[in-house]
Structure formats: structure tokens, C-alpha cells
Amino acid sequence: MGTQAIRIAPQNEEETQAVKKLYRMLIHDGAAALVGPDNTRIDLPPTVYQVLRRIIEDMQQGKAVALMPVMEELSTQAAADMLGVSRQYLVNELESGKLKFHRAGTHRRIFFKDLCDYKEARERNRHDAIQRIAQKSEESGIYDTFVPVDES
Numbered sequence: 001m002g003t004q005a006i007r008i009a010p011q012n013e014e015e016t017q018a019v020k021k022l023y024r025m026l027i028h029d030g031a032a033a034l035v036g037p038d039n040t041r042i043d044l045p046p047t048v049y050q051v052l053r054r055i056i057e058d059m060q061q062g063k064a065v066a067l068m069p070v071m072e073e074l075s076t077q078a079a080a081d082m083l084g085v086s087r088q089y090l091v092n093e094l095e096s097g098k099l100k101f102h103r104a105g106t107h108r109r110i111f112f113k114d115l116c117d118y119k120e121a122r123e124r125n126r127h128d129a130i131q132r133i134a135q136k137s138e139e140s141g142i143y144d145t146f147v148p149v150d151e152s
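At position 56 of the sequence shown the residue is numbered 56 (UniProt numbering), and the sequence of numbers has no breaks.
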């Protein structure tokens with residue numbers, strides 16, 4: 001695969017339909033095998049099967065899939081794009097130590113693995129904060145108050 005990301009998406013309607021058919025086959029649990037062009041059968045390890053299922057699931061929903069090595073180096077702009085934030089926000093996170101990075105000359109680089117770890121921690125923190133707010137709201141009785149709506 002090299003060090004470049006590979007982007008995968010159906011190229012036409014025929015491929016789209018084939019992906020949907022494949023997805024319907026893959027939603028069942030059980031042992032899976034790959035059959036090559038010469039009819040050689042190779043049993044797939046469960047982890048490989050799970051990756052394949054995930055890729056096909058995303059593709060059948062019309063999403064492009066990108067595969068890249070976890071040690072792939074990303075520019076600050078590419079990392080910011082993956083997080084859906086501005087480059088400047090990302091640089092601030094780097095400089096504050098919230099996200100690991102290294103330098104390649106004068107340029108900051110982020111390993112894909114570190115970006116994934118940061119994103120997971122950020123989502124976990126956001127989820128925990130929402131849970132705390134919901135708990136405090138419930139404890140304060142905010143949901144016990146009924147305010148009728150005037151429909152006149």
C-alpha cells in the first residue's frame with residue numbers, strides 16, 4: 001500500500017449496485033473466505049472480515065473510504081480538515097500540547113494515529129460533558145417543571 005492513503009468509492013451505478021449486494025451478503029455473522037480468480041479459497045481472519053464489513057457498509061451508504069497507515073504523516077491543514085476545524089484552531093491545540101506532533105524541518109506534522117487518539121478523546125470528553133449537563137439538569141428539577149404554551 002505504500003505510505004499514501006487510498007481512497008475507495010464506487011465509480012459508477014454498476015459498482016454501486018454490486019457494493020449494495022455485497023453489503024447484504026456481509027451483514028450475516030459467521031466465517032468468511034476470499035476466493036481468488038483461480039478459485040483458490042482463503043479463510044479470512046475475523047479482524048480482516050470486520051474491516052471488510054466496515055468498508056462495504058460505508059461504501060453502500062455512499063461514503064468514500066480512505067485507508068491509510070496509522071503512522072502516515074499529515075500536514076496541519078489535512079489534520080484540520082479531518083477534524084472539521086480551522087487550521088489555526090488545530091495549531092493552537094498542537095502548541096498547547098493537547099495533540100502530539102513533530103517537526104519535519106520547519107513544518108508541523110501529525111501522525112494519523114495521534115490524530116485518531118485526539119479525536120476519540122475529544123468525542124469522549126464532549127459526551128461526558130453532555131452527560132454531566134443532563135444529570136445536573138435532572139437533579140435541579142428542570143424537567144419537572146411544566147410550562148403551558150399559550151396557543152391563542
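Cβ atoms here follow ideal geometry from the backbone N, Cα and C, with glycine treated the same way.
Assignment of beta strand (DSSP E) within the region 9-72, counting only whole runs of 3 or more residues, yields 32-35, 41-44 and 65-67 in chain order. Under the three-state reduction of DSSP, F146 is assigned to coil, being neither helix nor strand. The shortest C-alpha to C-alpha distance from K113 to any of A31, N92 and M68 is the one to M68. Put simply, the backbone Cα of V147 is about 16 Å away from that of S140.
Here DSSP, grouped into helix, strand and coil, assigns S86 to coil. DSSP places F112 in the uninterrupted alpha helix (DSSP H) bounded by F112 to E139.
Pairwise C-beta distances place the region 93-107 out of contact with the region 42-60, as fewer than three of them are shorter than 8 Å. Of all C-beta pairs linking the region 64-81 to the region 27-38, fewer than three are shorter than 8 Å, placing the two stretches out of contact. The region 74-86 and the region 99-111 touch, with no fewer than 3 CB-CB distances between them shorter than 8 Å. Straight through space, the alpha carbons of E14 and P46 are spaced by roughly 28 Å.
Shortest Cα-Cα distance from D29 to any of N39, L44 and T16 involves L44.
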